[in-house]
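Those protein sequences? They're chains A and B, same order as listed. Quick note on numbering: our numbering labels position 159 of the first sequence as 159, and the sequence is numbered without any gaps. Quick note on numbering: our numbering labels position 251 of the second sequence as 251, and the sequence is numbered without any gaps. Structure first, then comments.
2 protein chains.
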Amino acid sequence: MRNTIYYCRNCGFKEELGKHYYWKCPKCGAPLDLIYDIEWRPKGLGIIRYRSMLPVQEIKYLGEGETPLIKRSIKGKSFLFKLEYLNPGGSFKDRGASLTLSYASSLGYSKVVEDTSGNTGIATTLYSRANNMQAVIVMPQYAPEGKKNLIRLLGGKIIETPTRPDAAKKVLELIDEATCYVAHTWNPLFFHANKTIAYEAYEAGFKHGTVVVPIGSGSLLLGIYKGFKDLVDLGLINTMPRIIGVQGASSAPIYELIYGKQYHGDSSIADGIMVRDPPRKHEIAEIIKKHGDIVVVNNDEIISSLKELIKMGFIVEPTSAAPLAGILKYMEDKSNVEEPILLPLTGSGLKMIDYLYSLLKKQ
Amino acid sequence: MRNTIYYCRNCGFKEELGKHYYWKCPKCGAPLDLIYDIEWRPKGLGIIRYRSMLPVQEIKYLGEGETPLIKRSIKGKSFLFKLEYLNPGGSFKDRGASLTLSYASSLGYSKVVEDTSGNTGIATTLYSRANNMQAVIVMPQYAPEGKKNLIRLLGGKIIETPTRPDAAKKVLELIDEATCYVAHTWNPLFFHANKTIAYEAYEAGFKHGTVVVPIGSGSLLLGIYKGFKDLVDLGLINTMPRIIGVQGASSAPIYELIYGKQYHGDSSIADGIMVRDPPRKHEIAEIIKKHGDIVVVNNDEIISSLKELIKMGFIVEPTSAAPLAGILKYMEDKSNVEEPILLPLTGSGLKMIDYLYSLLKKQ
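Spelled out as structure tokens, the structure:
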């Protein structure tokens, strides 16, 4: 933690990393950011290749990062698919969980809690294993049994609540001196880890073009944005790529913030991006307004893109098809999409083979 | 295919690649090998990084290869785990399927058939997608429904037979002018692709020590052996690593060939290495005799190692735990195991979460 500083844009709070674990500002309760020096010295494999660009250097590596980048043409446009679903726990969330739990472990925490119904719970439990911590995951009782069993298999303890909002309340009761709260939608360490996606894409040949990013809590968008901003600041690329955010029709708060109107429709199939009130929504909206645009998709559009992806051999979950659905829809309306189009495929379909098969068979 | 030659050690048959697709010698029916020049010019990502070391250069890349290498200590010994389960289809079989189907596609084949009950069927279907071919997979009717559904999801057609040997017979009836037979236990292209595992381990820092390899058909052992032999021949490493083969008690033909005695026990849980009569068994036994040793494991030992691996955060299937069980057993009897110990973790557990959970809960 060489000179990394927790910083609150809202109240000005500052403190060096290494003393405390914060998931939000301890003074005013706003989301925190991090300030630190960066130096481009890639060395080694996985996310630890970019130690000199990250807020934390001691990372218990379990194979996260270094995901393949695959070139394919769709409707005459050149796409670069970043296979984030090939992370060790099956989603990009492994990057954030790795950085966050490595830091928490270095401070002596022995337990970790998180509220989630999905991939963050798996990533948290996986990296609690790697860091010798005990994970307690608070989930709504209706979460898929397969995801629960994976968490249990990895040694996580599950506490069930009637609803997802109940889980968000319950988790706060479990924080104590030995127990940290990941809080992936708030925690700055969590999204700073996603900068490495931009670095890897750059090293694999992506120097300019368009990036398409699904937005749930926005940790993926924030990380990728900051990663490319680093590359511009260091003079490694000339300009920021354009960033197209994609939200689901059932829950499109960033779209509503930018365009000032409600969106109606059903995108329940993309459960990974159904976040009603992202803590960093204003920051996300600012980035989108400055660097790109946002598009909203529904279940039919997502299923159509999911079929396309699986036909190409990408075994992904439905949420992962939202960005392709989004950019295809966007290109129908507007033609100013610079190629290549970098598109992260966020989560593995291997966890839900039978569900995927029955879903697509019906179509 | 610059000057790659099919070669039969048994009858001397030779033919340049580029005209025909052979899975065995067209003259005498013995297993074929390949002869070609190699040159160490790694460039790019995944298995295509090693084009200049492979028998085929035009490869339709889908993210296979470039799997993480993770250092962990077990019982005071330094292990390097190669996470082959993070290949796109969830197993190391993706490497062989990629090379084989890229070659078949270049010859104009539009269909591919394979007999399997497991990961090879998934890999074959996945790479048939990438190469615009139709896959027909012949499987025993008792194969797990989840694996069947993944094959169907990827667009493969399944033909069910009463038993696994029936599948091996049935598949031969399906070969025609447009249809090639992968035949992964025979096909030399299939195992030559696994050389890339040795190259990747070398580039990630493995220069000497011990390699532990599960042996079913032996394609993994043959590939890794040939990969390290290339590195010795090119002067990149000084000596061959020691190779410890691991077989399951229910089916240990290589052990029996080397030690001249039957092994009794149950290893049914490691279904991926239950191959009764590997076509290349004599070649495999020669390699083991010259460069290492072999050890046989049973269900209890495999389950114990599976628990250990999952506790460390490696989400693998039971077969993948056999090599760890093997080397731990081997070290109890003999102490001459040079470190580090390179150990590929071959297949993903994400495909069978509920099964793994119920299996390990019982213990």
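Beta carbons are placed, not taken as given, at the ideal position from N, Cα and C, and that holds for glycine.
Which residue spans inside the stretch 290-331 of chain A form an unbroken alpha helix (DSSP H) run of at least 4?
Counting only runs of 4 or more, we get 299-311.
Using 7 Å as the threshold, is the C-beta distance between K195 of chain B and G235 of chain B below it?
Along the second sequence, one-based indexing puts residue 195 of chain B at 195. Along the second sequence, one-based indexing puts residue 235 of chain B at 235. Against a cut-off of 7 Å, the Cβ pair of G235 of chain B and K195 of chain B comes out as no contact.
If you compare alpha carbons, which of B:T346, B:K157, B:T239, B:I175 is closest to L221 of chain B?
Here residue 221 of chain B is taken as the residue at index 221 of the second sequence, counted from 1. Looking at the Cα atoms, B:T346 is the closest of the given residues.
Do you know how far the Cα of L80 of chain A is from the Cα of R41 of chain B?
Against the second sequence, residue 41 of chain B aligns to sequence position 41. Against the first sequence, residue 80 of chain A aligns to sequence position 80. Whole-angstrom Cα-Cα distance: 24 Å.
If we ignore side chains and look at the alpha-carbon of each, how far apart do G44 of chain B and Y50 of chain B end up?
Here the question's residue 44 of chain B lines up with position 44 in the second sequence. Here the question's residue 50 of chain B lines up with position 50 in the second sequence. Answer to the nearest angstrom: the Cα atoms are 8 Å apart.
Just the chain A side, please: which residues come within less than 9 Å of R152 of chain B by C-beta, in chain order?
In the second sequence, the residue the question calls residue 152 of chain B occupies position 152. In chain order: Y357, K361.
Would you check if the distance between the CB atom of G313 of chain B and the CB atom of L126 of chain A is smaller than 7 Å?
Within the second sequence, numbered from 1, the residue matching residue 313 of chain B stands at position 313. Within the first sequence, numbered from 1, the residue matching residue 126 of chain A stands at position 126. Taking 7 Å as the Cβ cut-off, G313 of chain B and L126 of chain A qualify as a contacting pair.
Which residues mark the beginning and the end of the beta strand (DSSP E) in which L83 of chain A is found?
Position 83 of the first sequence, counted from the start, is the residue given in the question as residue 83 of chain A. Element bounds for L83 of chain A: 77-83.
Since T382 of chain B contacts V138 of chain B with CB under 8 Å, what's their CB separation in whole angstroms?
For chain B, the structure presents residues 1 to 363; residue 382 of chain B sits outside this window and is missing.
Identify each residue in the stretch 301-326 of chain A for which the Cβ-Cβ distance to at least one residue of chain B is less than 9 Å, and report them in chain order.
Flagged, chain order: I310, K311, M312, G313, F314, I315.
Between I158 of chain A and chain B, is there a C-beta pair that is closer than 7 Å?
As a first step, residue 158 of chain A must be located in the first sequence, where it is residue number 158. Answer no: the Cβ-Cβ gap between I158 of chain A and chain B never drops below 7 Å.
Among the candidates A:E200, A:A252, A:R152, A:A325, whose CA atom is the shortest distance from the CA of K307 of chain A?
Mapped onto the first sequence, residue 307 of chain A falls at position 307. The option with the nearest alpha carbon to K307 of chain A is A:A325.
Any Cβ of chain A within less than 7 Å of the Cβ of D115 of chain B?
As a position in the second sequence, residue 115 of chain B is number 115, starting the count at 1. No, its Cβ sits nowhere closer than 7 Å to a Cβ of chain A.
Give me the chain B residues within the contact set of R129 of chain A, using Cβ-Cβ distance strictly less than 7 Å, ordered along the chain.
For this step, residue 129 of chain A is matched to residue 129 along the first sequence. The answer, in chain order, is K311, M312, G313.
If you run the structure through DSSP and keep just helix, strand and coil, what is P31 of chain B?
One-based indexing of the second sequence puts residue 31 of chain B at position 31. In the structure shown, P31 of chain B sits in coil (DSSP, three-state: anything other than H, G, I, E or B).
Classify P188 of chain A as helix, strand or coil using the three-state DSSP reduction.
For the purposes of this step, residue 188 of chain A is identified with residue 188 of the first sequence, where counting begins at 1. In the structure shown, P188 of chain A sits in a helix (DSSP, three-state: H, G or I).
Provide the residue span of the beta strand (DSSP E) that contains A135 of chain B, from first to last.
On the second sequence, residue 135 of chain B is found 135 positions in, with the first residue counted as 1. It spans 134-140 - the beta strand (DSSP E) in which A135 of chain B sits, taken as one unbroken run.
In whole angstroms, give me the CA-to-CA distance for K226 of chain B and I288 of chain B.
Numbered from its first residue, the second sequence carries residue 226 of chain B at position 226. Numbered from its first residue, the second sequence carries residue 288 of chain B at position 288. Their Cα atoms are separated by approximately 13 Å.
Is Y259 of chain B near A252 of chain B, with beta carbons less than 7 Å apart?
Walking along the second sequence from the start, residue 259 of chain B turns up at place 259. Walking along the second sequence from the start, residue 252 of chain B turns up at place 252. Against a cut-off of 7 Å, the Cβ pair of A252 of chain B and Y259 of chain B comes out as no contact.
I'd like to know whether the C-beta atoms of T161 of chain A and P140 of chain A end up nearer to each other than 7 Å.
Reading the first sequence from its first residue, position 161 is the one you call residue 161 of chain A. Reading the first sequence from its first residue, position 140 is the one you call residue 140 of chain A. Against a cut-off of 7 Å, the Cβ pair of P140 of chain A and T161 of chain A comes out as a contact.
Quick one: using the 10 Å Cβ neighbour count with 16 as the cut-off for buried, is G63 of chain A buried or exposed?
Residue 63 of chain A sits at position 63 when you count from the first residue of the first sequence. With 16 or more other Cβ atoms within 10 Å, it is buried.
From the DSSP secondary-structure annotation, give me the bridge partner or partners of P214 of chain B.
Counting from one through the second sequence, the residue named residue 214 of chain B turns up at place 214. DSSP, once it has assigned bridges, lists B:V246 as partnering P214 of chain B.
Can you tell me whether S117 of chain B is buried or exposed? The criterion is at least 16 other CB atoms within 10 Å of its CB, across all chains shown.
In the second sequence, residue 117 of chain B corresponds to position 117, counting from 1. So S117 of chain B ends up on the buried side.
Locate the alpha helix (DSSP H) running through P253 of chain B, then write down its first and last residues.
Sequence index remark: in the second sequence, residue 253 of chain B carries index 253 (1-based). 253-259 is the span of the alpha helix (DSSP H), which, as asked, contains P253 of chain B.
Assuming A201 of chain B and K82 of chain B form a contact by the criterion Cβ under 8 Å, report the distance between their Cβ atoms to the nearest whole angstrom.
By one-based count along the second sequence, residue 201 of chain B stands at place 201. By one-based count along the second sequence, residue 82 of chain B stands at place 82. Going by Cβ atoms, the distance from A201 of chain B to K82 of chain B rounds to 6 Å, so yes, they are a contact pair.
For the stretch 317-337 of chain B against the stretch 56-70 of chain B, do three or more pairs of beta-carbon atoms, one drawn from each stretch, fall closer than 8 Å, so that the two count as touching?
As far as the Cβ criterion goes, the stretch 317-337 of chain B does not touch the stretch 56-70 of chain B, which means the pair count is below three.
Fully enclosed by the stretch 124-179 of chain B, which alpha helix (DSSP H) runs are 4 residues long or longer?
Counting only runs of 4 or more, we get 145-153, 164-170.
As a quick exercise: from A:A322, A:L153, A:L359, pick the residue whose alpha carbon is nearest that of T212 of chain A.
Working through the first sequence from its first residue, we reach residue 212 of chain A at position 212. First, the amino acid is wrong: residue 212 of chain A is Val here, not Thr. It is A:A322 whose Cα lies nearest to the Cα of V212 of chain A.
Report the three-state DSSP secondary structure of S117 of chain A (helix, strand or coil).
Along the first sequence, one-based indexing puts residue 117 of chain A at 117. Three-state DSSP puts S117 of chain A in coil, outside helix and strand.
May I ask you to report which of helix, strand or coil DSSP gives G347 of chain A?
The residue given as residue 347 of chain A occupies position 347 in the first sequence. G347 of chain A: strand per DSSP, three-state reduction.
Tell me which residues share the same chain as M352 of chain B and place their Cβ nearer than 8 Å to its Cβ, disregarding the 5 neighbours each side in the sequence.
Taking the second sequence and counting its residues from 1, the one referred to as residue 352 of chain B is at position 352. Here the set comprises P144, G146, E317.
With 16 other CB atoms within 10 Å as the buried threshold, where does R276 of chain B fall?
In the second sequence, residue 276 of chain B corresponds to position 276, counting from 1. Exposed, by the Cβ-count rule.
Counting only C-beta atoms, is G209 of chain B closer than 7 Å to chain A at any point?
For the purposes of this step, residue 209 of chain B is taken as residue 209 along the second sequence, with counting starting at 1. No, its Cβ sits nowhere closer than 7 Å to a Cβ of chain A.
For K111 of chain A, does the three-state DSSP call read helix, strand or coil?
In the first sequence, the residue the question calls residue 111 of chain A occupies position 111. Correct three-state label for K111 of chain A: strand.
Leaving aside the five residues before and after K207 of chain A along the sequence, list all residues of the same chain whose C-beta is less than 7 Å from its C-beta, in chain order.
Counting from one through the first sequence, the residue named residue 207 of chain A turns up at place 207. Result list for K207 of chain A: I237, in chain order.
So, is G18 of chain A buried or exposed, given that buried needs 16 or more other C-beta atoms within 10 angstroms?
Here residue 18 of chain A corresponds to residue number 18 of the first sequence, with the count starting at 1. Answer is exposed; the Cβ neighbour count stays below 16.
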